[in-house]
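Heads up, the thing below is written out as structure tokens.
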Amino acid sequence: MPHLVWLRRDLRVTDNPALSAACANTGDVITCVGLPDAQWQSHDLGAPARNLYQRRLTPLTADLCALNIPLLMLDGATFADQVNGLQALCKHHGITAVYVNREYEFNERARDRAVDQALAACSIQVHWFDDQCLVPPQTLKTGQGGPYSVFTPYRRRWEASLREEFNAPLSAPARRPALTLAPARLTAPDDPLAALWPVDNDSIQTRLERFVARPLDRYQTDRDLPALEGTSSLSPYLAIGAISARQVLHAVLQAAPHALDGASDANTFVSELAWRDFYKNLLVEAPRVSRARPFKVTTETLPWNPPGEAFERWCQGQTGVPLVDAAMRQLNTTGWMHNRCRMVVAMFLTKNLFIDWRHGERYFMQRLVDADLAANNGGWQWSASTGTDAAPYFRIMNPVSQSQRFDKNGDYIRRWVPELAAQDAKTIHAPFDAKAHPIGLKYPKPMVDLKRSRQQAIDTFKAHQQDS
Ligand code: FAD
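Reminder that position 217 of the sequence shown reads as 217 in UniProt numbering, one-by-one numbering, no gaps.
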């Protein structure tokens, strides 16, 4: 009797708990994967992330074929259709057990409950595994037994738990005796970002190895400088599970054995993996955040400005604020944006323009190659002061001082805003401050007064807090 593995955001054969568990049985193992495009579009998942996912299926099929495991396509453009598709697939192949790694978003969990019911009705057992996080959601609780809503105490407990137990990643399963079914024929989408974000194992592994080969203590400073390649750029691959967080942490611990110790120089990078788990944990502990609702419910009624033309200018990188424009153009061109810039543009949108974070969140989902609901929603709500940020709403990053501090020579701005290429390192951060807009400069004047709009945002938050 064949066993079926349903692959979702775990597109790899190594360190895949569901696949390894299915392969522990004798008998045939079949895998399937779906492309629920209509559902993904309703989640605002844009072409860069969808294309990455679909492209990854080609090397995945080859890896599975080498193990004599066929990959079939699961029918269904929506999650509801997928439940029916899975039932039909199981019936057709006489499947007795299905193996799946969990997803934690609201709709994904609702679909998986429906899967449980539908397959139980056909006497098919479903085996669920936690795979995406280093510490599965809802494992860690506060001293009072409640969910964590503040990052730092969560991170401390998270690190302690991993110091106690962290198992090396699983190897790929052994080759099965023979390929009994032909794998699905795949067509790779025409993806303009394909060269930037290769999906073969060697390229992904090289990225990881190159990153850990650098002194990890340098990450602490380099990660904030957008002109450098100071971070791992593994986020797209983590988002689709082409690599697991365990594989990343394992490689880091090989290079820096004390990285899980808060005092270690390499700990800053490990903290980023903790953020990743923190926001996935939040999806389960506070499911409303998956449903476009703020974590801080009192901020639900903030009087945001309508998006209109201001939002369009932000999207296009035409705000007249150089760091914001450079970052938005990096996003529009490459599908990726540096983390510090993500915070800067998000605060600019939600504080200086006072536009609802949900517009920015949606635009990022549509444009990011690493689009991930948990991290994206977490980052947006953190920046908009509607989320878990422990700092108060009046901590607002000034995009000019951020630029002066983290892009000192203006190299990042020059790369993405060629209109400013001739500006010197002093004026490039705020060319408009040279009193008169430099003659002949084909670059817009800032669309908003940074100081005044900052104060307005603070006043509005303050008044709203008093009212609620
Ligand atoms: P590294 O610095 O090398 O970090 C390693 C890994 O840790 C990342 O690949 C990522 O998986 C995880 N990570 C790092 N920082 C964070 C963080 N703050 N929150 C959660 N996980 C983190 N990350 C996404 O993966 N997808 C998103 O859709 C996303 N949207 C964001 C939106 C906003 C407004 C903000 C402020 C942050 C967002 N992030 C998102 C988090 C972060 O910016 C990216 O993970 C990071 O820039 C990816 O680059 P990297 O792989 O080089 O990161």
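Where is the CB? At the ideal position from N, CA and C, for every residue including glycine.
Please give me, in chain order, every unbroken run of the alpha helix (DSSP H) with length at least 4 that falls completely inside the stretch 285 to 324.
308 to 316
Does DSSP put ALA97 in a helix, a strand or coil?
strand
Give me whichever residues DSSP pairs with TRP128 in a beta bridge.
VAL100
CA nearest to the CA of ASN68, picked from PRO177, ASN84 and VAL83:
PRO177
How is VAL344 classed by DSSP in three states: helix, strand or coil?
helix
Report all residues for which the CB-ligand distance to some heavy atom of the ligand FAD is below 6 Å; order them along the chain.
ARG223, THR231, SER232, SER233, LEU234, SER235, LEU238, ALA239, GLU272, LEU273, TRP275, ARG276, TYR279, ASN339, ARG342, MET343, ALA346, PHE364, LEU368, ASP370, ALA371, ASP372, ALA375, ASN376, GLY378, GLY379, TRP380 and SER383
Leaving out five residues before and five after GLU105 in sequence, what residues of the same chain have Cβ atoms less than 7 Å from its Cβ?
LEU283, SER290 and LEU373
When the Cα of MET343 is compared with those of PRO226, THR96 and LEU249, which residue comes out closest?
PRO226
For VAL400, the three-state DSSP class (helix, strand or coil)
helix
Let's test the definition: count the other Cβ atoms within 10 Å of the Cβ of ASP112 and tell me whether it reaches 16, buried, or not, exposed.
buried
Tell me whether VAL199 is buried or exposed, calling it buried when 16 or more other Cβ atoms sit within 10 Å of its Cβ.
buried
Could you pull out every residue in the same chain whose Cβ sits closer than 7 Å to the Cβ of ILE355, ignoring the five residues on either side in sequence?
TRP304, ASN305, PRO307, ALA310, PHE311 and LEU349
Presumed contact (8 Å Cβ cut-off) between PHE432 and GLY320, rounded CB distance
7 Å
Span separating the alpha-carbon of PRO418 from that of PRO322:
11 Å
Quick check on PRO399: buried or exposed, where buried means 16 or more other Cβ atoms within 10 Å of its Cβ?
buried
Which value, in whole angstroms, describes the spacing of the CA atoms of HIS43 and PRO36?
11 Å
Beta-carbon proximity check, GLY94 vs ASN84, cutoff 8 Å:
no
Within 10 angstroms of its Cβ, does SER468 collect 16 or more other Cβ (buried), or is it exposed?
exposed
Can you give me the start and stop residues for the beta strand (DSSP E) that ILE243 sits inside?
From DSSP, ILE243 is part of no beta strand (DSSP E); its letter is neither H nor E.
Excluding sequence positions up to five away, which residues of its chain have a Cβ less than 6 Å from the Cβ of SER20?
LEU170 and PRO173
ARG210, buried or exposed, once every other Cβ within 10 Å from all chains shown has been counted against 16
exposed
Run the CB neighbour count on THR206, radius 10 Å, all protein chains shown included, and call it buried at 16 or more, exposed below.
exposed
Residue range of the unbroken alpha helix (DSSP H) whose run includes TRP416:
411 to 416
Considering only the beta carbon of each residue, do residue 503 and ASN51 sit closer than 8 Å?
Past the boundaries of the shown model lies residue 503; the chain is included only from 1 to 468, so the question cannot be answered.
Name the DSSP beta bridge partners of GLY34, please?
LEU74
Same chain, Cβ closer than 7 Å to ALA182, five either side skipped, listed in chain order
PRO70
Close-in-space but distant-in-sequence residues of the same chain around ARG329 (CB under 6 Å, 5 per side omitted):
GLY317 and TRP416
PHE79: which of GLN41, VAL29 and SER161 sits nearest, CA to CA?
GLN41
Return the residue from the list ASP370, THR299, PHE278 and HIS429 that minimises the CA-CA distance to LYS445.
HIS429
Once the 5 residues before and after ALA255 are set aside, which same chain residues still bring their CB inside 8 Å of it?
VAL212, ALA213, LEU216 and ALA266
List the residues that DSSP assigns as beta-bridge partners of HIS464.
Bridge partners of HIS464: none, in fact.
Mind checking VAL150: buried by the 16 CB within 10 Å criterion, or exposed?
exposed
Separation of TRP6 from ARG175, as counted between CA atoms:
18 Å
Mind checking whether ALA457 and LYS296 have CB atoms under 8 Å apart?
no
Residue 498 classed as buried or exposed, judged by whether at least 16 other C-beta atoms fall within 10 angstroms
With the chain represented from 1 up to 468, any question about residue 498 goes unanswered, as that position is not in the structure.
Between the beta-carbon of LEU57 and the beta-carbon of LEU260, is there less than 8 Å?
no
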